[in-house]
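The next block holds one structure in the form of structure tokens; read it before the comments.
Residue numbers (the UniProt record's numbering): 1 to 152.
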């Protein structure tokens, strides 16, 4: 994601954002792959379920970011992607947003995903960092670390 921002590749950034949200949604839904083509697919009804039943996990925000990312990935008109650009033009720059805003949005999404992650894997994270909580605090930052400690 950071490389996509630095290289001004907004569409690839949104592909990464969408993947992050799909992965955390699979965790929240406890989806497993059983060999079927769409076993792990996250659908609108899955987001509706999460928004209704897991309100403290910020699924409204995550779903909105997911929808916006889908606009970019699927070349929706809402993404304002220059579909008439030449290949060489797209290699130089396909970015409409400022890098500052992209970084801010990436940070907000990453924090939200991590908050959900530590909710589902609190025990594993706590036992992994049992003797090094200062390291965990450094990695999570003060805000997420405070939320992590509140889960005890």
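Think of the CB as a built atom: it goes at the ideal place given N, C-alpha and C, for glycine as much as any other residue.
- Query: How many angstroms separate the CA atom of residue 53 from the CA atom of residue 138?
  - Reply: Rounded to whole angstroms, residue 53 to residue 138 spans 31 Å at the Cα level.
- Task: In the DSSP assignment, find the alpha helix (DSSP H) that holds residue 45 and state where it starts and stops.
- Result: Unbroken alpha helix (DSSP H) run through residue 45: 44-53.
- Query: Any chance the region 46-64 sits against the region 97-106, with 3 or more Cβ pairs inside 8 Å?
  - Reply: No: the two stretches stay apart, fewer than three of their Cβ pairs being nearer than 8 Å.
- Query: Can residue 72 and residue 14 be called in contact, C-beta distance under 7 Å?
  - Reply: Cβ atoms of residue 72 and residue 14: closer than 7 Å.
- Message: Given this structure, state the Cα-to-Cα distance separating residue 113 from residue 35, to the nearest angstrom.
- Response: 27 Å
- Task: Measuring alpha carbon to alpha carbon, tell me which of 48, 141, 143, 106 ends up nearest residue 19.
- Result: Checking every option, the nearest Cα to that of residue 19 belongs to 106.
- Query: If you drop the 5 nearest sequence neighbours on each side, which residues of the same chain put their C-beta closer than 8 Å to that of residue 140?
  - Reply: 114, 118, 148
- State yes or no: is the C-beta of residue 103 within less than 7 Å of the C-beta of residue 62? no
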